[in-house]
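Protein chains in written order, with the numbering used here: chain P, 131 to 374; chain U, 11 to 427; chain V, 7 to 86.
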Amino acid sequence: METLYYIILVPMVYVAFGVFFIGTAIRLIKIFREPKHPTTLQIFPEKKPKWLWALSDTFLLPTVRKHKPVLWVFLILFHVGILLLIIGHLELFGEFEIFQIIPHEVFLGKGFVGLIVSISLLYLLFRRFKSPVRELSVPEDYYLLVLLFLIVIFGSQMDWARRWYEYGELDVEHYRMYLSSLLHFQPELPYEITDTGHSFMLVLHVFFANLFLMFFPFSQSMHSFLSLPMNKLRRGFVYGQENT
Amino acid sequence: MDKKTRDDLLKLFQSKLNEAMRFYLETCTRCGVCTEACHVHASMGQVRYIAAYRSEIVRRLYKKYFKGRGKFWPSVGEAKELSEIALDELFDAAYSCTGCRRCMVYCPFGIDTQQLMSIAKLLLIGANTEPEILTLLADTSIEKGKSLELFKEGFLEGIKRLEADVLEKWQTEAGTTAIPVDVEGADLLYVALAGAHSIIPAAAVFNAAGENWALSFFEAVNFGAFVGDPTKTKLILDRIVNEAKRLKIKEVCICECGTAYRVMKQLAGKQPFKVSAITEVHARYLKEGRIKVDKSKLNGAVTYHDPCQIARNAGVIDEPRYILQHLTDNFRELTDDPRYNWCCGGGGGLVAMGEDTLDFRMKSSKVKVDQVKATGANILATACENCHTQLSNLNDHYDMGVNVQFLSSLVADALVR
Amino acid sequence: MSDEIQVIKVFDLKGLACPMPVVKVSKGIKEVEVGQVIEAQTTDPGSLSDFPAWAKTSGNEIVKTEQEDKLIKFYIKRLV
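So this is what it looks like as structure tokens:
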């Protein structure tokens, strides 16, 4: 068991991050080095400045809000939630002053961020069971959502235990120790990480997160990087032309 | 399908993979927001007419042959082998899509289904399973460009015979040619279609505006674009570009044909002339006071169908409305937002395929009929030959009781001194 | 003159929208046997260059073209 924990918490994490960063970089380089589309792919009427509208399309999803308002609510909750969770994880490496503009206790969100993301994921998953999204979906779409749900639920359990059930064995310091040891390539697994009541949750959380990271560069999750350039095309950006 | 055929087809697929195409192929999350976007789905209900589903037909092949995943784990994305069955599916997807790009308005990423369908169309050409008639039409256009001298005389004679009709609409001063052709140094080259209806009213308006113009030898429409053949599209386009350069033209004006306008405007690249739609030119004449029109010529309520390739996809939106303000006091919009206008259902080569597609075109455009009916207008104007044919077919089929008109004809008929 | 050519079928393509004259004649020519002649009537000046180009592309032959006022008559022999 100890070995298994070790494999998941140390070498697999390295492999997962390696695949994630290198895979994503290689795939993005490959895509962006393709010849540019020679003509405009714009939808009219035009609105200026184009870059501002492209940003708005990418981050505010106005077309979803207009046509599927309920989906929009969950999509925004999910994406903002993910962003907050990423910030929360960065704070598990060390202190970032910039994140403390709004003073909070690590892990941020008092447990509610994880809860909201979990509920959003369930919505996103269950809506795929209904026609016509059901017919449109491919296994990848379900795998990603299930994987994300498992990651978030096991991750959040730890936070919830601490916040809501007065579980005392968990402490940010231990995570900072573990994660920064990984970062400095001198892996260390404190006793509190591997041998306490919540350890199996952590191991499962990390295990599924590893799987997700390794699948990410090869999946539709790449939309996180491609959405903005695509929206720029729709707003009328043409390579080699002045785009205002 | 043998290996050689498949490899050749995959080479064609590869040739379409530029950056934008990769974006479109990698990104879809199958969220289903595009469900309500397609007029075919809205009219007929089948899931296979949802934009994301059409795109997935192409994307499945991409996942099989152009992603590492296709070898290791094809089932995760339902990657699919390129087979005869796959070709049938590609045909069904590509030739039930009019390339109107209404779905692109819905998609949170802005995936261009028309672009993805162009892959399908190219593969069908490679497999010799594209609609034969479209290729024949494209080849005919190219042939015309090659052997212009052979047809020139007959064409000029035919044009001469139209002049009386032009003068009937607008009497020019004695000594001027009603339909000038092959005029070096003309300011404007008008590229029409084969039909007299595309030449006579336009000529009358040019003459009324005192334009220094010439009629092109060639027809504007680009069948190469319909069938999705990039090489032929370019050859057909080049005929006009070369003619315009030879005559030192300042402005190429495209007749009421959506495909022709979009291809010329967006594909011609940097040229010494500017490209306009006839709608833009007419609006300009009105603005500059070069022509005057009489509102009393039009009776009843008028609505205007924005041709997808001219409005949503090329931005000529305000000009037709400006013209209509001068033609009537009773104008009614089809939609509050021109991006959401329903396609007529005839684009992408469907109308050019004639009666073979008639049944499908009628069934798939029910929503267009409802949209027109809701305005209560009795005159339905448009600025595209394709749309005009399709809307006229719909008018007959659904007994809509509207009068389908070309906007340019309305202008010509309302001309006053 | 047209009496000498034995016309099997006449197609009325007057006033049709683009590209129907060529579409209809392509279909129509297949309704007769190789070697037989059809007559296509149009009013579109564009057909005066479209039809010869079409004939060359499709491998058929225009045996004669007549223009009477606005009416244009093509006599087309099916060769393939």
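The beta-carbon is built from N, C-alpha and C at its ideal position, and this holds for glycine as well.
About 16 Å separates the beta carbons of Ile189 (chain U) and Ala230 (chain U), which is beyond the 8 Å limit, so they are not a contact pair.
When only Cα atoms are considered, Leu133 (chain U) and Met331 (chain P) end up about 50 Å apart. In this structure Val251 (chain U) touches Ala278 (chain U) by the C-beta definition: roughly 6 Å separates them, less than 8 Å. Residue contact with chain V for Asp192 (chain U): absent (no Cβ-Cβ distance below 7 Å to any residue of chain V). Given a length threshold of 3 residues, each whole run of the beta strand (DSSP E) inside the stretch 369-418 of chain U is given here in chain order: 389-392 and 413-416. Residues of the stretch 22-34 of chain V with a Cβ closer than 8 Å to any Cβ of chain U, in chain order: Leu22, Ala23, Cys24, Pro25, Met26, Pro27, Val28, Val29, Lys30, Ser32 and Lys33. Cβ neighbours of Leu255 (chain P) within its own chain (closer than 8 Å, five residues either side excluded): Tyr272, Leu275, Val276 and Phe279.
Residues of the same chain with a CB within less than 7 Å of the CB of Gly224 (chain P), apart from the 5 flanking positions on each side, are Arg306 and Ser310 in chain order. Fewer than three pairs of CB atoms, one per stretch, sit closer than 8 Å, so the stretch 133-146 of chain U makes no contact with the stretch 14-21 of chain V. Under the three-state reduction of DSSP, Val426 (chain U) is assigned to strand. Scanning chain V for C-beta atoms nearer than 8 Å to the C-beta of Lys90 (chain U) yields nothing, as the closest lies near 33 Å away. Counting only residues of its own chain and dropping the five nearest sequence neighbours on each side, Thr367 (chain U) has a CB closer than 8 Å to the CB of Tyr105, Leu360 and Val361. Non-local C-beta neighbours of Pro347 (chain P) in its own chain, meaning closer than 6 Å and more than five positions away in sequence, comprise Gly153, Thr154 and Arg157, ordered along the chain. In the three-state DSSP reduction, Leu203 (chain U) falls in the coil class, being neither helix nor strand. The Cβ of Arg364 (chain P) sits closer than 7 Å to at least one Cβ of chain U. Taking the CA atoms as reference points, Gly357 (chain U) sits about 17 Å from Phe416 (chain U). Here Thr123 (chain U) carries a helix assignment [DSSP, helix/strand/coil]. When Cβ-Cβ separations below 7 Å define contact, Asp271 (chain P) makes contact with chain U.
Listed in chain order, the beta strand (DSSP E) elements of length 3 or more contained wholly in the stretch 164-201 of chain U are 198-201.
Contact check for Val215 (chain U) against Ala422 (chain U) passes: the beta carbons are separated by less than 7 Å. The CB of Ala391 (chain U) never comes closer than 8 Å to any CB in chain V; the least such distance is about 16 Å.
Residue contact with chain U for Asp18 (chain V): absent (no Cβ-Cβ distance below 7 Å to any residue of chain U). With a 10 Å radius around the Cβ and a threshold of 16 neighbouring Cβ atoms, Trp202 (chain P) comes out buried. Glu303 (chain P) and Pro320 (chain P) have their C-alpha atoms some 10 Å from each other. For Tyr253 (chain P), the uninterrupted alpha helix (DSSP H) run begins and ends at Phe242 to Arg257, by DSSP.
Every unbroken stretch of the alpha helix (DSSP H) spanning 4 or more residues and falling wholly within the stretch 58-138 of chain U is given here in chain order: 61-75, 79-82, 94-104, 113-116 and 123-136. Residues of chain U whose Cβ lies closer than 9 Å to the Cβ of Gln73 (chain V) are, in chain order, Gly164, Glu167, Gly168 and Arg171.
For Asp289 (chain P), the enclosing alpha helix (DSSP H) stretches over residues Pro269 to Trp294. Residues Ala184, Leu185 and Thr188 of the same chain have their beta carbon placed closer than 8 Å to that of Leu358 (chain P), with the five preceding and five following residues left out of the count.
For Val31 (chain V), there is no enclosing beta strand (DSSP E); the enclosing alpha helix (DSSP H) covers residues Met26 to Ile35. Following the DSSP letters along the chain, one finds Ser310 (chain P) inside the alpha helix (DSSP H) bounded by residues Val302 to Leu313.
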